[in-house]
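**Q**
There are 2 protein chains.
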Amino acid sequence: MAPIARVCFAGGQSGQWRVERIQAVTGEALPPVTHVAMLPSPEGTTKIDGSVWTLRGTAGHVRYVERSEKLALQSIQAGLGRPEATRAALIPIRKSGAWWDLAQDERRSIFEGVSHHTAVGLEYLPAVARRLFQSRELGEPFDFLTWFEYAPAHADRFEELVARLRATEEWRYVDREVDIRLSRVQDG
Amino acid sequence: MAPIARVCFAGGQSGQWRVERIQAVTGEALPPVTHVAMLPSPEGTTKIDGSVWTLRGTAGHVRYVERSEKLALQSIQAGLGRPEATRAALIPIRKSGAWWDLAQDERRSIFEGVSHHTAVGLEYLPAVARRLFQSRELGEPFDFLTWFEYAPAHADRFEELVARLRATEEWRYVDREVDIRLSRVQDG
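The listed protein sequences derive, respectively, from chains A and B. Going by the numbering used here, the first residue of the first sequence is number 822, and it counts up by one from there. Going by the numbering used here, the first residue of the second sequence is number 822, and it counts up by one from there.
1) DSSP beta-bridge partners for B/Gln955?
2) Enumerate in chain order the residues of its own chain whose CB-to-CB distance from A/Met859 is below 6 Å, with the five nearest sequence positions on each side excluded.
3) How many angstroms separate the CA atom of B/His856 from the CA atom of B/Gln898?
4) Out of curiosity, what's the CA-to-CA distance linking A/Pro904 and A/Thr967?
5) Could you say which of B/Leu946, B/Asp926, B/Glu980, B/Glu961 lies nearest to B/Gly900 if we only look at CA atoms?
6) Under 8 Å, Cβ to Cβ, is there at least one residue of chain B near A/Thr847?
7) Are the CB atoms of B/Arg877 and B/Phe1003 within a distance shorter than 8 Å?
8) Report the partner residues of A/Met826 according to the DSSP bridge assignment.
9) Using a threshold of 8 Å, state whether the C-beta atoms of A/Ile1001 and A/Ile912 are closer than that.
10) Is there at least one Cβ from chain A nearer than 8 Å to B/Arg908's Cβ?
11) Does the distance from the C-beta atom of B/Phe932 to that of B/Glu991 stay below 8 Å?
12) Whose CA, out of A/Ser835, A/Glu864, A/Gly881, lies closest to the CA of A/Trp874?
13) Using C-beta distances below 7 Å, list every residue in its chain close to A/Arg842, excluding the 5 sequence neighbours before and after it, in chain order.
14) Which term fits A/Gln925, buried or exposed, when burial requires 16 or more other beta carbons within 10 angstroms of its beta carbon?
15) Within 8 Å of any Cβ in chain B, is that where the Cβ of A/Gly881 sits?
16) Check whether the Cβ atoms of B/Leu986 and B/Val941 lie closer than 8 Å to each other.
17) Using a Cβ-Cβ distance cut-off of 8 Å, determine whether A/Thr867 contacts chain B.
18) The alpha helix (DSSP H) that contains A/Leu943, what's its start and end?
19) What are the boundary residues of the alpha helix (DSSP H) that A/Met1004 is part of?
20) Under the three-state reduction of DSSP, which class applies to B/Arg903: helix, strand or coil?
21) Taking the straight line between their C-alpha atoms, what separation do you get for B/Arg951 and B/Pro853?
22) If you follow the alpha helix (DSSP H) that A/Gln844 is part of, which residue opens it and which one closes it?
23) Show which residues of chain A have a CB atom less than 8 Å away from the CB atom of B/Val886.
24) List the residues of chain A whose Cβ lies closer than 7 Å to the Cβ of B/Arg957, in chain order.
25) Does DSSP classify B/Lys868 as helix, strand or coil?
26) Cutting at 6 Å between CB atoms, please list the residues of its own chain near A/Lys868, excluding the five before and the five after it.
27) Mark A/Gln1007 as exposed unless 16 or more other C-beta atoms lie within 10 angstroms of its C-beta, in which case mark it buried.
28) Spatial neighbours of A/Ser862 within its chain, please: CB distance less than 6 Å, with the 5 preceding and 5 following residues excluded, ordered by chain position.
29) Applying the 10 Å Cβ sphere with the 16-neighbour rule, what's the burial state of B/Ser955?
30) Strictly under 8 Å for the Cβ-Cβ distance: is B/Gly934 near chain A by that measure?
31) Give the straight-line distance between the Cα atoms of A/Val846 and A/Leu959, rounded to the nearest whole angstrom.
32) For B/His856, which beta-bridge partners are listed by DSSP?
33) Between B/Glu970 and B/Gly848, is the Cβ-Cβ spacing less than 8 Å?
34) Going by C-alpha distance, which of A/Ala988, A/Val840, A/Gly865 is nearest A/His937?
35) May I ask you to list the residues that DSSP assigns as paired with A/Tyr971?
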């Protein structure tokens, strides 16, 4: 079986990403930091030494995406670490108890049937590379860590993607969201 | 938001459940122990002191169950710790990479459309109390810890349930399974 990739984002004074801004969109903010490091997550470690905060997640299987959507995503997915993608966003999200109490078909219906989450995201590929990390099962303060990488030329497109997702029915279940914008450190 | 319950099963020489037998059904066995303790899982702890093995999991949201099934399950669900339920089974399960590579609709189709997992389980409620704990995101050796409690009078019914689930299409994706049968320690 393919092992699950475990990552962590360590906010502090060092890392390959410089913080441009941290904004509390919904609920409690995160303490300000100047840099974020994206690292493999050591087993059993809940906080990286020297960090102000550490957010952990796992890159697992898809939860709502269906066969046809998965094939579409795979055909157009952009990789991380593209040289031109010098901008990034780390947007940790928590959903309410009302969301998690829904049955699978109800969540899927809101996710795609009403909110068109996957369909909207597809429109911005491959310009905006996206990754989703699951945190809920790890007992973390957020349920998901969403990660985006894009070139400065696509910054407006990225703002449009974020605005469209925040306007969806699905986002009514988000009860904490912090938006962290980043630039890659030169020669970092 | 309701916190996620984290549990662990510690196999060793003490605990409220005495081991009647441990059987490797598929793949690698677990080392033999005489007792199993079911405990709240301390944050950051991967192994309980004095245990031979510790298996950790979280009781989260449903992954495949739809609205009508969730209502049916809730209406008939049996609680844990019933005085008459002196028998238990801990059956940790791992599914293959082929399973996790499937899209959500494909997994749902095998889980319920073909294998009738929820429907079969409903037939044995409330005699057999069931709980499912997720382990995959924790980096554990198994993906799920399934837990059953039942009265000795329902032991044959429980064997029938296990046999029916193992005969399903879904079980073709199980690549490791250990079956641990337990009896509650008197005055434990």
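C-beta atoms are modelled at their ideal positions from N, C-alpha and C, and glycine is treated no differently.
**A** On the basis of the coordinates in this document:
1) The residue given as residue 955 of chain B occupies position 134 in the second sequence. B/Thr879, B/Phe965.
2) As a first step, residue 859 of chain A must be located in the first sequence, where it is residue number 38. The answer, listed in chain order, is Phe830.
3) By 1-based counting over the second sequence, the position of residue 856 of chain B is 35. By 1-based counting over the second sequence, the position of residue 898 of chain B is 77. Between B/His856 and B/Gln898, the C-alpha separation is close to 27 Å.
4) For the purposes of this step, residue 904 of chain A is taken as the residue at position 83 of the first sequence. For the purposes of this step, residue 967 of chain A is taken as the residue at position 146 of the first sequence. In a straight line, the C-alpha of A/Pro904 is about 20 Å away from that of A/Thr967.
5) Counted from its first residue, the second sequence places residue 900 of chain B at position 79. Nearest C-alpha to B/Gly900: B/Leu946.
6) Reading the first sequence from its first residue, position 26 is the one you call residue 847 of chain A. Output row for A/Thr847: interface = no.
7) Residue mapping note: residue 1003 of chain B aligns to position 182 of the second sequence, counting from 1. Residue mapping note: residue 877 of chain B aligns to position 56 of the second sequence, counting from 1. The amino acid at residue 1003 of chain B is misidentified as Phe; the sequence shows Leu. The answer is no: Cβ separation not under 8 Å.
8) For this step, residue 826 of chain A is matched to residue 5 along the first sequence. Looking at the sequence itself, residue 826 of chain A is Ala, so the reference to Met does not match. In DSSP, A/Ala826 forms a bridge with A/Ala880.
9) Numbered from its first residue, the first sequence carries residue 1001 of chain A at position 180. Numbered from its first residue, the first sequence carries residue 912 of chain A at position 91. Result yes, Cβ atoms of A/Ile1001 and A/Ile912 sit closer than 8 Å.
10) Taking the first residue of the second sequence as position 1, residue 908 of chain B is located at position 87. No, its Cβ sits nowhere closer than 8 Å to a Cβ of chain A.
11) Position 111 of the second sequence holds residue 932 of chain B. Position 170 of the second sequence holds residue 991 of chain B. Contact: yes.
12) Reading the first sequence from its first residue, position 53 is the one you call residue 874 of chain A. The shortest Cα separation from A/Trp874 among A/Ser835, A/Glu864, A/Gly881 belongs to A/Ser835.
13) Reading the first sequence from its first residue, position 21 is the one you call residue 842 of chain A. The residues are Arg1002.
14) Residue 925 of chain A sits at position 104 when you count from the first residue of the first sequence. So A/Gln925 counts as buried.
15) Counting from one through the first sequence, the residue named residue 881 of chain A turns up at place 60. Yes, its Cβ sits closer than 8 Å to a Cβ of chain B.
16) Working through the second sequence from its first residue, we reach residue 986 of chain B at position 165. Working through the second sequence from its first residue, we reach residue 941 of chain B at position 120. Against a cut-off of 8 Å, the Cβ pair of B/Val941 and B/Leu986 comes out as a contact.
17) Within the first sequence, numbered from 1, the residue matching residue 867 of chain A stands at position 46. By this cut-off, A/Thr867 is an interface position.
18) One-based indexing of the first sequence puts residue 943 of chain A at position 122. Looking at the DSSP string, the run of the alpha helix (DSSP H) that includes A/Leu943 is 938-944.
19) Counting from one through the first sequence, the residue named residue 1004 of chain A turns up at place 183. According to the sequence displayed, residue 1004 of chain A carries Ser and not Met. Segment 995-1005 is the beta strand (DSSP E) holding A/Ser1004; no alpha helix (DSSP H) there.
20) Within the second sequence, numbered from 1, the residue matching residue 903 of chain B stands at position 82. Note: B/Arg903 maps to coil in three-state DSSP.
21) Within the second sequence, numbered from 1, the residue matching residue 951 of chain B stands at position 130. Within the second sequence, numbered from 1, the residue matching residue 853 of chain B stands at position 32. Spanning the two alpha carbons is a distance of roughly 24 Å.
22) Mapped onto the first sequence, residue 844 of chain A falls at position 23. First-last for A/Gln844: 838-847, but that is the beta strand (DSSP E), not the alpha helix (DSSP H).
23) In the second sequence, the residue the question calls residue 886 of chain B occupies position 65. Per Cβ cutoff of 8 Å: Ala924, Gln925.
24) For the purposes of this step, residue 957 of chain B is taken as the residue at position 136 of the second sequence. Per Cβ cutoff of 7 Å: Ile825, Gly881.
25) Taking the first residue of the second sequence as 1, we reach residue 868 of chain B at position 47. Three-state result, B/Lys868: coil.
26) Along the first sequence, read from residue 1 onward, the residue named residue 868 of chain A stands at position 47. Correct list, in chain order: Thr875.
27) The residue you call residue 1007 of chain A lines up with position 186 of the first sequence. With fewer than 16 Cβ atoms within 10 Å of its Cβ, A/Gln1007 is classed as exposed.
28) Residue mapping note: residue 862 of chain A aligns to position 41 of the first sequence, counting from 1. The beta carbon of A/Ser862 is closer than 6 Å to those of Arg827, Val828, Cys829, Arg877 in its chain, skipping five residues each way along the sequence.
29) By 1-based counting over the second sequence, the position of residue 955 of chain B is 134. It should be pointed out that residue 955 of chain B corresponds to Gln in this sequence rather than to Ser. So B/Gln955 ends up on the buried side.
30) Here residue 934 of chain B refers to the residue found at position 113 when the second sequence is read from its first residue. No, B/Gly934 does not count as interfacial toward chain A.
31) The residue you call residue 846 of chain A lines up with position 25 of the first sequence. The residue you call residue 959 of chain A lines up with position 138 of the first sequence. Whole-angstrom Cα-Cα distance: 23 Å.
32) Reading the second sequence from its first residue, position 35 is the one you call residue 856 of chain B. DSSP, once it has assigned bridges, lists B/Gly833, B/Arg839 as partnering B/His856.
33) To locate residue 970 of chain B, count along the second sequence from 1; it is residue 149. To locate residue 848 of chain B, count along the second sequence from 1; it is residue 27. Not in contact: B/Glu970 and B/Gly848 (Cβ atoms no closer than 8 Å).
34) On the first sequence, position 116 is the one that residue 937 of chain A refers to. Out of A/Ala988, A/Val840, A/Gly865, A/Ala988 has the C-alpha closest to the C-alpha of A/His937.
35) To locate residue 971 of chain A, count along the first sequence from 1; it is residue 150. A/Tyr971 pairs with A/Arg908.
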